[in-house]
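If you read the sequences in order, they're chains A and B.
Take 1 as the starting number for the first sequence in the numbering used here and just add one per residue.
Take 1001 as the starting number for the second sequence in the numbering used here and just add one per residue.
We put the beta carbon where it would ideally sit given N, CA and C, even for glycine.
Read through the structure below, which is laid out as structure tokens, and then see the notes.
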Amino acid sequence: GENVEQHPSTLSVQEGDSAVIKCTYSDSASNYFPWYKQELGKGPQLIIDIRSNVGEKKDQRIAVTLNKTAKHFSLHITETQPEDSAVYFCAAKGTGRRALTFGSGTRLQVQP
Amino acid sequence: EPEVTQTPSHQVTQMGQEVILRCVPISNHLYFYWYRQILGQKVEFLVSFYNNEISEKSEIFDDQFSVERPDGSNFTLKIRSTKLEDSAMYFCASSESGVTGELFFGEGSRLTVL
């Protein structure tokens, strides 16, 4: 089955700096790569996703890049704000109706 | 905005007891999922459900677990005889499409087994 590795496990940045979280996946057939933000005591919330026919996608301060050849994808958050502090999970989904496989999470702390 | 709702938000039970966690998926969604998250760890897939049957399940989802859609709105996860290691946050999710659709997660049900 799919295996998703995520790094780093914790990330501390100063407000206004950029944050980058990286993930690799094992199944070359995976074609959907969402990123979820989880705040304390809440369920994961989708913040951005990318499909395998696209190399990059941007939504305001958040962007995701995908390198299918290397089987890795990254989340970039620019101009970080304290409210960006949360745990971020990457995930990958194979073809058909396969379920999402999550990475181990990155705890992002934005220092004011 | 439509949302996935889960009950209870927290349940404490004794080891060996049966537990049922309930979920109301988004109304026009057809694919339903249960995930669990042990404190501080990753979100792990348990089971997916479509057209009144299990589509896929993980090795975690053993004979102690079952899922059911008893009516047109609820989707339940039953643990027959709880173990200490079942203590976790259980998340229900639903999706309009199992192939391309975004998963919407509920707020979770925290299960504590004593």
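Taking DSSP's pairing of strands, which residues face residue i in a bridge?
| i | result |
| --- | --- |
| L100 of chain A | A:K93 |
| E1056 of chain B | B:S1048 |
| P34 of chain A | A:D49 |
| I1079 of chain B | B:V1019 and B:F1065 |
| T1007 of chain B | B:R1022 |
What whole-angstrom Cβ distance do residue i and residue j have, given they're in contact under 8 Å?
| i | j | result |
| --- | --- | --- |
| Q81 of chain A | E15 of chain A | 6 Å |
| Y1090 of chain B | L1077 of chain B | 6 Å |
| G105 of chain A | A29 of chain A | Contact doesn't hold; Cβ gap of about 24 Å is too wide. |
| R61 of chain A | E79 of chain A | 5 Å |
| V1004 of chain B | V1024 of chain B | 7 Å |
| L66 of chain A | I50 of chain A | 5 Å |
| S74 of chain A | V64 of chain A | 7 Å |
Which term fits residue i, buried or exposed, when burial requires 16 or more other beta carbons within 10 angstroms of its beta carbon?
| i | result |
| --- | --- |
| H1010 of chain B | exposed |
| N1051 of chain B | exposed |
| S1109 of chain B | buried |
| Q1037 of chain B | buried |
| T69 of chain A | exposed |
| I1054 of chain B | exposed |
| T1112 of chain B | exposed |
| T10 of chain A | exposed |
Taking residue i as the reference, which of the options has the closest Cα?
| i | options | result |
| --- | --- | --- |
| F89 of chain A | B:E1056, B:E1001 and B:E1044 | B:E1044 |
| A99 of chain A | B:S1048, B:D1071 and B:S1081 | B:S1048 |
| D1062 of chain B | B:S1094, B:L1046 and B:R1069 | B:L1046 |
| E56 of chain A | A:P44, A:K42 and A:Y32 | A:Y32 |
| G1072 of chain B | B:V1099, B:Q1017, B:Y1031 and B:S1081 | B:Y1031 |
Cα separation between residue i and residue j?
| i | j | result |
| --- | --- | --- |
| S85 of chain A | D59 of chain A | 18 Å |
| V1067 of chain B | N3 of chain A | 25 Å |
| S1087 of chain B | S1027 of chain B | 29 Å |
| Y25 of chain A | V54 of chain A | 16 Å |
| P112 of chain A | A91 of chain A | 29 Å |
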